[in-house]
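If you're matching positions, the sequence shown starts at 1 in full-length UniProt numbering and goes up one per residue.
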Amino acid sequence: MGNDFRETTGTTERVTELVAAFEDGRAGDAEFEALRELLATEDARDRDVAMSGIRSVGIVDEERTEAAVDVLLGHCFDQPRRVREPAAESLSDVGREQNPAVLRPAVDTLRERLHDAHESTRREALFALRELCKHHAELFVPLVDDLRVRLDDGEAWVREHTLAVLGEIAAERPEAITPPFDDFEACLDDDVPKVRSKAVLRLGSLAETHPDADRPSIDDFRACLGDDSWTVRSSAASALASLAETRPDAVRPVIDGILALLSPPAAFVGPGPRGEQTSITLALGRLGVTFPREAPRIASTLQSIFDEEGAGNTTFEPIYESITRELETIAQAHPEAVVPAIDDLTASLDASRIERRRSAARALTAVGRTHPDEVRPAVENLEARLEDEDPWVRMEATEALLALDVVDSETESAAEEICALFLAAADSQEAIDRFVAAEPTVGALVVTELRSRVGDMDSVDEKPSVAAAFRTISTIDDAYRYLSPISI
């Protein structure tokens, strides 16, 4: 039947037809070879389609699972990353859908390649091992000693990713191996920041997996907060924030060291946005939730970044967005801690980045529920957001106004009537006309009410009506076209 496939045009069509033949039991060696040959194409998209086809055959045809594994394993080596990555992912998929034991020959081969004299081969083997380990950690317990050797590899990339694989095994199969505290602690002295960064993160994960262990020492994390690399410092902050949930008493004394990373603000902001800044602010947000007594000064330190000269410079907007988001995080748990930041949150309602405006509105809602008088000066700014380009900002601003109890009963009644009309008949011309003619506050209230119906378990039967209402509203205002009961 191989000739049938030569007449098919397009790689996608050919692969689809070939896979269907395997599913129906109509295909054999010739069809598998035809599928394998498609991997030789230079077109990346066609190659991905062919790779997916090999994966599917390995899953649906047990007689060819071994051959599929061999083909996929072969493409984990001597190929660009854009080929190796889907090959390793496909291998993992075959193991998930079939018995993971089908991957043992591949794992054995990768184990041998870990000790290859060529650096590139070791890298490629480790890349595939890491992908497989995400879902098949049980297969890698016998490789622990081999991996420990690679922590002394001359290539930093190998050391870094070996830490990741060992950490994955330790997390998924903690009972099967001796916790590699010594190995990870030794890597804290590595010459390469990325390796030290990975080591401190994995130490944190190891401590969470083994809460009764007296290791690692908090002093190790404290020392990493003073590392000369922002990458290591931010990783230490992240690890401590996670560790605080299981060892709060041990982490509390180190909060000062994390807060010091934001001082002086000019040094933290530096020349512009970096991923490390986001990691540190995220860690502080989590710590602010975990430690209620520390929340006010954590919020105050975050707020101090807004006072940095040049705070209106859009270059730094991603930093201010992350600060606003973590103030929101703290406000949701401890609103009183964020009261001093109300003015900055109000100013953030006019920010250029949508996510910052959303976070600011949500934070003001959280604070407004318990401290309405302090938030009421922001009413005018919140009302202006009812005409925001982003529907989520509109809805969050509406929630804030409702929390402040500044929406008059007449406006609420008008919104309720329009909402009822939409739910009764989504294409109601009266509902459409009234929605179009309504003031921004009324329109925002309608959408907010429909949104609340989705989250209300008593309104499950209304979901089809709500979905239909949103479809109608999106034809009126296309800003809402991405909203659906699933997304909200």
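Virtual Cβ for every residue (Gly too), placed ideally from N, Cα, C.
Inset, instruction - May I ask you to report which of helix, strand or coil DSSP gives V57? - result: helix
Legend entry - Contact the segment 367–377 vs the segment 332–349: 3+ CB pairs below 8 Å: yes
Legend entry - Length of the line joining the Cα atoms of A156 and D478: 50 Å
Legend entry - Inter-residue Cα distance where the pair is D219 and V339: 34 Å
Legend entry - C-beta contact flag for E396 and R358 at 7 Å: yes
Inset, instruction - Let me know if A267 comes out buried or exposed under the rule of 16 or more other beta-carbons within 10 Å of its beta-carbon. - result: exposed
Inset, instruction - Pick helix, strand or coil for K194, following the three-state DSSP scheme. - result: helix
Legend entry - Check: G53 C-beta below 6 Å from any heavy atom of the ligand PLP: Of ligands this structure carries none, so the ligand PLP is not represented either.
Legend entry - A176 beta carbon less than 7 Å from that of S205: no
Legend entry - DSSP state of S235 mapped onto helix, strand, coil: helix
Inset, instruction - Could you tell me the boundaries of the alpha helix (DSSP H) in which A171 lies? - result: A156 to E172
Legend entry - Separation of I258 from P248, as counted between CA atoms: 15 Å
Inset, instruction - May I have a chain-ordered list of the alpha helix (DSSP H) segments no shorter than 4 residues that lie completely inside the segment 250–291? - result: 255–259, 265–269 and 275–290
Inset, instruction - Determine the contact status of E168 and A207, defining contact as a CB-CB distance below 7 Å. - result: no
Inset, instruction - Compute the Euclidean distance between the alpha carbons of V102 and S229, then round it to the nearest angstrom. - result: 43 Å
Inset, instruction - Grab me the residues of A311's own chain with a C-beta within less than 6 Å of its C-beta, minus the 5 sequence neighbours each way, in chain order. - result: Low confidence applies to A311: its pLDDT is 48, below 50, so where it sits in the model is not reliable, and the reading given next is rough at best. Contacts found: none.
Legend entry - Buried versus exposed, by CB contacts within 10 Å (16 or more), P464: exposed
Inset, instruction - Rounded to whole angstroms, what's the CA-CA distance from P265 to L302? Just pull it up for me. - result: 9 Å
Inset, instruction - Going by CA-CA distance only, name the one from V192, P180 and A295 that's closest to G154. - result: V192
Inset, instruction - For E389, count neighbouring Cβ atoms within 10 angstroms of its own Cβ and tell me buried if that reaches 16, exposed if not. - result: exposed
Legend entry - Through-space distance from S428 to I473, alpha-carbon basis: 11 Å
Inset, instruction - Check A311 in the structure and name its three-state DSSP category. - result: Any answer about A311 is weak, because its pLDDT of 48 lies below 50 and its placement is not dependable; what the coordinates show is given next. If DSSP states are grouped into helix, strand and coil, A311 belongs with coil.
Inset, instruction - Could you pull the start and end residues of the alpha helix (DSSP H) that V19 belongs to? - result: T11 to E23
Legend entry - Closest Cα partner of A299 within the set S235, T109, S322 and V195: S322
Inset, instruction - Output yes or no for whether 7 Å exceeds the beta carbon distance between A125 and L114. - result: yes
Inset, instruction - Would you grab the beta carbon distance between V446 and A424 for me? Rounded to a whole angstrom, and I think it's under 8 Å. - result: The pair is not a contact, with the Cβ atoms about 14 Å apart (cut-off 8 Å).
Inset, instruction - State the DSSP-derived secondary structure class of E417, mapped to helix, strand or coil. - result: helix
Legend entry - Sequence-distant residues of the same chain with beta carbon closer than 8 Å to Y480, five excluded per side: P391, V447, F470, I473 and S474
Inset, instruction - In angstroms with no decimal places, state the Cα-to-Cα distance between A106 and E85. - result: 15 Å
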